[in-house]
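Notes for the one structure printed next.
There are 2 protein chains.
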Amino acid sequence: MAMTAKAGKKTKASKEKFVYFFGDGKADGKSAMKNLLGGKGANLAEMTNLGMPVPAGFTISTDVCTYYYDNNKKYPSQLKQDVLDALKKVEKAMGAGFGDKENPLLVSIRSGARVSMPGMMDTVLNLGLNDVTVKGLTEQTKNERFVYDAYRRFVQMFGDVVLGLKPKGKDEHDPFEVIMDKVKSEKGIKLDLELETEDLKRLVKLYKEEIKNKTGKIFPEDPYEQLWAAIGSVFESWNNERAIAYRRINKIPEIWGTAVNVQSMVFGNMGEDSGTGVAFTRDPATGEKKFYGEYLLDAQGEDVVAGTRTPQPIIQLEKQLKKPYDQLFKIHKELEKHYREMQDMEFTIQKGKLWMLQTRAGKRTGLAAIKIAVDMVDEKLISEEEALQRIEPEQLNQLLRPIFDLDEKRNIIKTGKLLAKGLNAGPGAACGKVVFNAVDAEEWAKRGEKVILVRIETSPEDITGMNAAVGILTARGGMTSHAALVARQMGKVCVAGCGALEINYTTREMKVKDAVIKEGDFISIDGATGEVISGQIKTNPSEILQVLIEKTLEPGQSEMYKLFDKIMKWADKRRRLKIRTNADQGDQALTALAFGAEGIGLCRTEHMFFGEGKIEAMREMILADDEAGRKEALTKLLPIQKKDFTEIFKVMKGHPVTIRTLDPPLHEFLPHQDEEIKKMAEFMNVSVEKIKAKIEYLKEVNPMLGLRGCRLGILYPEITYMQVTAIFQAACEVQKSGIEVKPEIMIPLVGHVNELKQQAGVVRAAAKKVMDEYSEKVKYSVGTMIELPRAALTADEIAEVAEFFSFGTNDLTQTTYGLSRDDAGKFLYYYYEKDILKDDPFQTVDQRGVGQLMEIATKKGRGVRKDLKIGICGEHGGESKSVEFCDRLGLNYVSCSPFRVPIARLAAAQAVVKSKKTKK
Amino acid sequence: MAMTAKAGKKTKASKEKFVYFFGDGKADGKSAMKNLLGGKGANLAEMTNLGMPVPAGFTISTDVCTYYYDNNKKYPSQLKQDVLDALKKVEKAMGAGFGDKENPLLVSIRSGARVSMPGMMDTVLNLGLNDVTVKGLTEQTKNERFVYDAYRRFVQMFGDVVLGLKPKGKDEHDPFEVIMDKVKSEKGIKLDLELETEDLKRLVKLYKEEIKNKTGKIFPEDPYEQLWAAIGSVFESWNNERAIAYRRINKIPEIWGTAVNVQSMVFGNMGEDSGTGVAFTRDPATGEKKFYGEYLLDAQGEDVVAGTRTPQPIIQLEKQLKKPYDQLFKIHKELEKHYREMQDMEFTIQKGKLWMLQTRAGKRTGLAAIKIAVDMVDEKLISEEEALQRIEPEQLNQLLRPIFDLDEKRNIIKTGKLLAKGLNAGPGAACGKVVFNAVDAEEWAKRGEKVILVRIETSPEDITGMNAAVGILTARGGMTSHAALVARQMGKVCVAGCGALEINYTTREMKVKDAVIKEGDFISIDGATGEVISGQIKTNPSEILQVLIEKTLEPGQSEMYKLFDKIMKWADKRRRLKIRTNADQGDQALTALAFGAEGIGLCRTEHMFFGEGKIEAMREMILADDEAGRKEALTKLLPIQKKDFTEIFKVMKGHPVTIRTLDPPLHEFLPHQDEEIKKMAEFMNVSVEKIKAKIEYLKEVNPMLGLRGCRLGILYPEITYMQVTAIFQAACEVQKSGIEVKPEIMIPLVGHVNELKQQAGVVRAAAKKVMDEYSEKVKYSVGTMIELPRAALTADEIAEVAEFFSFGTNDLTQTTYGLSRDDAGKFLYYYYEKDILKDDPFQTVDQRGVGQLMEIATKKGRGVRKDLKIGICGEHGGESKSVEFCDRLGLNYVSCSPFRVPIARLAAAQAVVKSKKTKK
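First to last, the sequence lines map onto chains F and L. For the first sequence, the working numbering assigns the number 2 to the initial residue and increments by one for each residue that follows. For the second sequence, the working numbering assigns the number 2 to the initial residue and increments by one for each residue that follows.
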């Protein structure tokens with residue numbers, strides 16, 4: 002029995018196909034077989050089948066790579082024969098013989114993974130040359146210099162790549178380059194081109210000696226030995242350090258493996274009737290539909306990349322080599338039509354004959370992605386749904402932000418003005434004078450200066466200053482630090498966590514290495530790249546903002562806006578999730594509405610307390626010794642809150658507005674520096690000691706897990722009562738004025754249903770009292786944040802009381818992971834480096850852990866209250882992978898900062914399209 | 002149809018029995034009907050059925066109370082008739098008529114809940130008296146003074162209780178007492194006894210006038226009106242403030258309701274042939290089997306309670322009233338035999354006739370509980386399993402601790418020396434001189450002083466000082482604060498969170514109100530009650546400790562030990578859970594073993610770094626600038642750790658020892674006061690600035706969620722490597738010496754399986770290296786704490802790597818609830834007050850939330866690894882309700898501080914017995 006089973010397995014293995022031939026107009030593979038053949042191999046097969054001129058070759062599948070690593074670096078036993086068989090076909094197709102004395106076939110050996118990993122793995126060209134075939138090839142080409150140049154390149158490449166002589170550190174030198182330099186200096190020449198045939202012959206000899214010296218091995222003259230060694234080295238390179246690092250950064254699973262492509266060599270450096278180049282079916286920068294690319298005559302691919310000679314625009318080729326140009330032009334049209342996607346192609350012309358070496362989907366900018374997608378729909382090449390899938394939601398961000406004038410930025414960086422790089426926390430470009438505190442930011446802005454607020458880290462006290470600044474730069478904090486969160490919500494440019502800055506508040510300057518930037522000096526920060534640059538760079542505003550927010554452009558005047566608008570309309574037609582925004586001021590709400598928000602998912606009430614004439618009343622409330630004192634101070638806060646709510650209700654015109662009751666710990670409202678404390682004491686006519694004592698009393702070991710959220714409202718129900726009174730006074734008045742209002746009162750940080758019960762009681766009592774006073778009936782609901790594991794786990798109990806849930810995934814992530822957002826920056830980077838975490842859980846919902854709690858909560862909540870409305874208002878609500886997860890979970894809406902609303906709209910539509918696909 | 006249904010319901014309601022008669026040797030109820038009749042009513046019925054002399058009466062069931070509150074304070078319609086019918090039977094049994102002119106029946110109206118709520122609800126006595134019946138009763142008793150005394154008491158009680166004239170605050174006076182005082186002062190007398198009949202008659206008149214003045218109502222002369230008003234007031238009193246507060250504290254559900262007992266009055270104050278008293282079937286303080294109690298002749302129950310006359314020991318009664326004494330003696334034997342439990346009885350003798358008024362299970366001390374349980378097994382009254390159920394596990398604690406000499410304590414408190422009360426965080430009694438820091442504690446202790454370490458709060462730096470002190474007193478922190486946790490683990494007396502203390506480290510004194518306690522002054526702290534007393538009180542050591550630990554007594558010499566030992570043996574025979582201990586020093590481990598621990602469930606490695614010559618190396622490690630520097634410092638720490646592990650392995654002799662790698666944030670090892678920083682800088686020969694900079698760098702916003710646990714080991718694998726090296730060097734050497742070792746390496750704060758994978762890799766590498774060096778093979782396992790929600794939720798992934806789980810329920814509670822243990826004290830008290838939380842989640846496992854995660858983790862973990870060993874090492878591991886939960890969950894063991902091991906053993910046995918019962 003055991004024998005049979007084993008035999009059976011063997012039989013199966015022997016049937017497996019490991020080698021895929023292409024050439025002579027027909028190929029074993031096709032483009033759909035990317036996983037097996039890698040991107041390059043699959044597309045070479047496809048082009049061959051399309052009848053395009055592809056040098057014949059074969060692909061060794063990724064299965065062999067997997068087998069290789071699973072079986073102690075051995076190949077499947079059948080591989081040898083399969084490769085030889087395929088090689089025979091290649092010889093036939095190209096009319097040349099591998100190792101043939103007279104008409105030798107040369108091949109290239111290239112890696113080819115499922116997705117492109119440019120430059121990460123090994124390549125060997127001109128393989129098949131040796132002291133014998135070199136003569137045959139000379140005979141064939143009648144160009145001895147060309148052949149020996151190819152030979153010396155091959156020996157060097159083989160030595161470097163296959164035999165491992167490539168320098169490892171930047172202090173090492175390539176031994177072959179050392180020899181080359183020596184030979185050149187002996188001859189007194191500088192350029193490789195100046196080498197004569199005899200020099201090249203000498204180089205080949207010297208190179209082979211060097212190989213023997215360095216490795217103890219003799220350079221293999223046998224082409225088959227060369228071939229197998231090169232194949233092995235490509236498979237080995239799948240696990241070189243660079244490749245591993247690249248995979249980690251780009252989240253490519255190790256298990257995918259690479260294919261190996263063995264392909265006949267063609268040469269673009271055989272004279273002025275030869276050449277090589279790259280072409281795109283559309284402009285990858287703008288998306289414009291035009292034949293785009295560049296080429297070099299009498300050159301090899303590496304010459305185009307090296308940049309030693311300036312390539313020509315592709316249209317020039319028509320004048321120089323009309324026939325291959327025409328053929329290439331025809332092929333580019335065919336390829337785009339065939340793939341229904343913008344193509345990036347590589348070609349070589351050898352003695353007037355065009356050869357296609359690669360085609361693949363071209364990389365492009367955000368703008369180009371949108372333009373191409375929209376154009377292709379217009380051209381009926383793809384459907385609207387396909388167009389939606391072709392745009393990375395994050396790319397929309399690029400369209401909304403002012404950007405630096407690229408040339409100016411490039412020039413200024415060239416002069417050494419790049420100070421440091423931080424996290425790209427709030428996209429866009431900003432340039433202004435440095436200030437180091439919020440008060441200065443406000444004052445300077447009032448007198449018309451553009452300022453960048455630079456802080457070690459920001460706190461709610463800095464809000465008004467952040468609002469006054471054009472950009473925010475911090476030394477500490479991650480992508481979801483206070484600075485980053487608020488900046489994104491405000492739509493401000495922000496570079497956060499720029500650890501290289503040494504900020505000194507006292508001397509009002511910051512040091513970066515040797516540079517010292519003082520208050521008032523200009524800096525420019527690029528929120529898309531995290532760059533911090535000293536000096537001024539011109540910025541250009543986004544046309545879409547000019548249309549939607551600033552109204553300085555008519556929709557019809559902006560091509561970019563028209564594209565954006567089309568995409569958004571297609572997205573809105575398909576998405577199931579509603580999109581709300583996190584906003585707590587009228588202007589933010591207006592912006593969000595312009596971007597298509599359908600309600601406010603999180604209106605933080607605490608931000609309303611900051612600013613002149615507001616913070617004082619709040620501080621009075623906190624300093625009060627008893628309930629009576631608190632109530633007195635609260636009566637001062639009431640009109641402040643009411644004014645803000647009135648404005649928001651008016652702006653939102655009947656869209657739902659979810660208002661969260663006071664959440665942050667009280668100490669966040671108190672000053673912490675002696676000078677400020679003194680000022681406050683004088684203003685409030687209390688002793689400095691009293692304020693310091695209160696600050697001391699409110700200090701907490703772990704404020705994130707302390708007296709905040711509903712715990713505040715439970716200890717001081719009068720705060721909740723005041724807030725709800727303000728909300729309903731505003732609601733009643735706005736509703737009386739004929740504008741619909743839909744307030745949803747949300748209680749934060751609930752862990753036990755009894756907490757919610759108690760607060761819901763206060764809310765309903767206050768609401769009833771106000772509505773009775775106004776003789777007005779306002780429809781409202783009371784719900785809760787689900788932001789603690791216990792709330793998710795007991796969602797069935799909580800849903801008995803809560804009329805809606807909103808996932809606060811920021812805090813839920815902190816508690817589920819036991820990870821402080823403010824402190825994680827110090828060590829989380831190391832987790833990514835060591836491959837312990839793949840994604841930042843504060844950016845993308847951790848589906849396995851946090852997501853599991855969300856699923857539990859959704860299931861338990863809806864089990865009790867079938868139509869329970871559930872949303873998400875953490876930062877994740879504007880991140881595309883998280884939006885897709887929320888759609889799958891069946892949430893009703895996602896809520897994100899105003900500037901991310903378009904991103905969420907698109908992501909929500911993609912989620913629907915994707916799930917339809919999965920269901921098929 | 003609807004009509005029929007309604008009618009049907011009515012029929013059912015009319016069949017329901019609401020009133021239960023007892024008297025004349027037969028009763029409708031029985032003792033098993035406690036839920037329906039309340040404890041008092043059920044036992045009155047039972048005694049009646051046993052043929053004991055019980056004054057006839059009836060019980061209105063708790064269902065009526067529930068109905069009353071569910072139906073807008075209305076009674077079931079049939080109740081009126083049922084009560085009248087029952088009253089008729091009572092009249093017949095007692096041969097008297099309710100409201101009868103000549104032979105009037107008087108009744109008492111008393112509450113009676115399922116469990117006793119002493120003094121919380123209302124009682125009315127002597128009901129049925131009015132201006133007419135008073136005359137008949139006088140005729141009957143031939144004692145006018147007695148009758149009018151009863152009458153004036155009734156009018157006062159009715160006015161106070163039923164009509165609501167009872168004073169509400171302590172500043173108010175009882176209006177009837179005011180009148181009484183006036184009358185007495187007019188007559189120039191002091192005692193009530195000096196009042197003459199005419200005075201009493203005048204008082205009745207004045208009282209009735211007062212009622213009219215204060216309430217506008219006329220005192221009801223109709224006995225039936227009196228009866229219904231009194232019944233209503235008892236039901237009302239179920240929801241008075243005191244009752245609500247009592248229910249909250251004692252966790253009695255509101256839904257239970259109270260019964261109302263209406264019972265014929267008997268009088269103990271009808272002369273020297275009458276009396277009243279309380280008796281127990283065994284001594285409630287010592288458990289000794291003897292007829293115990295006290296009585297007063299010619300007195301009512303309230304006189305015994307009031308303490309104005311000193312009651313006599315019950316045996317005296319035999320000489321004074323032989324017949325009723327003999328009857329009572331017989332009854333006490335019968336009752337204990339019948340109930341198979343120690344009884345607490347109330348009785349009254351009226352003119353030589355004994356009447357039984359109450360019997361119930363008697364409250365007792367821990368010692369008594371154990372003695373009674375053991376004795377009753379010996380007497381074959383109850384089974385071993387019943388005996389186990391009769392002891393509160395927490396009561397064992399009382400047996401292990403030194404206790405104050407009670408008389409001495411009582412006397413010293415009488416002189417006003419009770420300073421304040423804090424939390425009873427570490428049971429026992431301690432007396433010593435006050436010191437305010439750990440260094441002093443050590444020094445003073447070295448020279449032979451007993452010291453109490455007084456700190457605002459403690460930190461790991463204080464460990465050695467805590468160890469040197471006989472008791473610990475803190476001003477801040479809850480039952481699971483650092484001080485409380487460590488004190489319990491060390492078995493030290495501890496009073497924590499005593500907020501009334503104003504501690505001043507600089508002046509080395511503390512103030513409490515007006516008192517000032519200076520360094521060196523004596524204080525006494527009672528860890529069982531939380532009392533802090535100034536001055537010295539003698540303590541008596543626990544006999545059990547003398548036997549088990551100090552070995553100053555032979556087992557046979559201590560009765561107390563013999564009892565303890567029996568209970569423990571019975572428990573061990575039945576429990577399924579293994580009991581381990583949390584210990585990190587050899588002496589702690591020895592103590593735990595003596596108490597029956599079967600292994601170490603948590604050996605914290607960080608405590609080993611504190612103390613002279615240890616902390617310096619740790620600080621050097623922390624201050625190191627790079628890996629090389631850290632490694633150098635770590636080589637100094639290695640022998641320190643190795644020594645500790647060697648000792649532990651030797652003590653534990655083959656019992657498993659779970660060792661946790663470094664857990665706390667590094668800043669806990671650094672000094673924080675200028676002076677200490679300076680000392681450290683000098684010692685280490687680095688600048689003060691460098692140390693301060695490091696302290697600043699290590700500061701975290703939320704240290705609980707920061708760089709700690711396995712995160713440290715991941716960032717600095719060399720730390721884990723050193724610790725594991727020390728463990729395995731110790732293990733190899735001890736094993737070579739012939740003693741078995743079973744190390745289990747536990748990785749803390751794992752949230753993602755990759756964290757564990759990385760650390761497990763380091764552990765296995767270090768272990769292998771050491772074992773190879775020693776040519777020794779040590780069996781060990783690598784597991785993890787489950788102390789983050791994410792770990793529980795992804796336990797299936799984690800179990801692929803972890804060979805065991807241990808629930809760290811302290812941190813799991815913090816993260817699941819989003820609640821900092823260090824900060825919660827400020828507001829959690831309010832949660833209990835407002836009934837938002839019932840239990841302290843840091844004491845008793847929150848089964849709904851945290852427990853749900855434990856269940857998920859257990860299920861998922863064992864789903865992957867069937868025999869996964871799972872334990873708990875949080876503080877909850879020694880709390881009886883939590884132990885029961887762990888048993889139900891199927892854990893393998895619980896681990897707790899050494900002194901709680903006996904508690905856990907008993908609780909684990911109780912869990913088994915209880916679950917057997919449930920299954921039946």
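From the three backbone atoms N, C-alpha and C, an ideal C-beta is built for every residue, glycine too.
Kindly indicate if chain L contains any beta-carbon less than 9 Å away from that of Phe159/F. no
Can you tell me whether Gly276/L is buried or exposed? The criterion is at least 16 other CB atoms within 10 Å of its CB, across all chains shown. buried
8 Å Cβ cut-off: residues of chain F touching Asp824/L: Glu701, Val702, Asn703, Pro704, Leu706, Gly707, Leu708
Do Gly96/F and Gly58/F come within 9 Å of each other at the CB atom, strictly closer than that value? no
Host beta strand (DSSP E) of Ile360/F (start-end): Looking at the sequence provided, one finds Thr at residue 360/F rather than Ile. Start and end: 354–362.
Cα separation between Val108/F and Cys897/F? 54 Å
Per DSSP, which residues does Tyr293/F bridge with? Please list them. Phe281/F
Measuring alpha carbon to alpha carbon, tell me which residue in Leu297/L, Pro285/L, Pro403/L is nearest Lys364/L. Pro285/L
Using a Cβ-Cβ cut-off of less than 7 Å, give me the residues of the region 753–775 of chain L that come near chain F, in sequence order. His753, Asn755, Glu756, Gln759
Do you know offhand how far Arg889/L's Cα is from Tyr698/F's? 42 Å
Using a threshold of 9 Å, state whether the C-beta atoms of Ile457/F and Arg477/F are closer than that. yes
When the Cα atoms are used, what is the spatial distance from Glu173/F to Val179/F? 11 Å
Name, in chain order, the residues that DSSP records as bridge partners for Glu745/L. Thr659/L, Ser782/L
Let me make sure I understand the geometry here. Which of Asn893/F, Ala33/F, Tyr68/F has the alpha-carbon closest to that of Leu578/F? Asn893/F
Leaving out five residues on either side along the sequence, give the residues of the same chain with a beta carbon under 7 Å from the beta carbon of Thr198/L. Glu145, Arg146, Tyr149
With DSSP run on the structure shown, which of helix, strand or coil describes Phe646/F? helix
Give the residues from the region 253–275 of chain F that approach chain L closer than 7 Å (Cβ to any Cβ), ordered along the chain. none
Please give the ranges of any alpha helix (DSSP H) in the region 37–105 of chain L, keeping only runs that are unbroken, at least 4 residues long and fully inside the region. 63–71, 80–95
Can you find a CB in chain F that lies within less than 9 Å of the CB of Ser559/L? no
Near Tyr152/L, what residues of its chain come up, given a Cβ to Cβ distance below 8 Å and the 5 sequence neighbours on each side ignored? Asn127, Leu130, Val135, Leu201, Val205
Need the endpoints of the alpha helix (DSSP H) that Thr349/L sits in, please. Premise fails: Thr349/L lies in the beta strand (DSSP E), 344–351, not in any alpha helix (DSSP H).
State the DSSP-derived secondary structure class of Asn127/F, mapped to helix, strand or coil. strand
Would you mind working out which of Arg906/L, Thr530/L, Asn241/L, Gln844/L sits nearest Ala593/L, comparing C-alpha positions? Arg906/L
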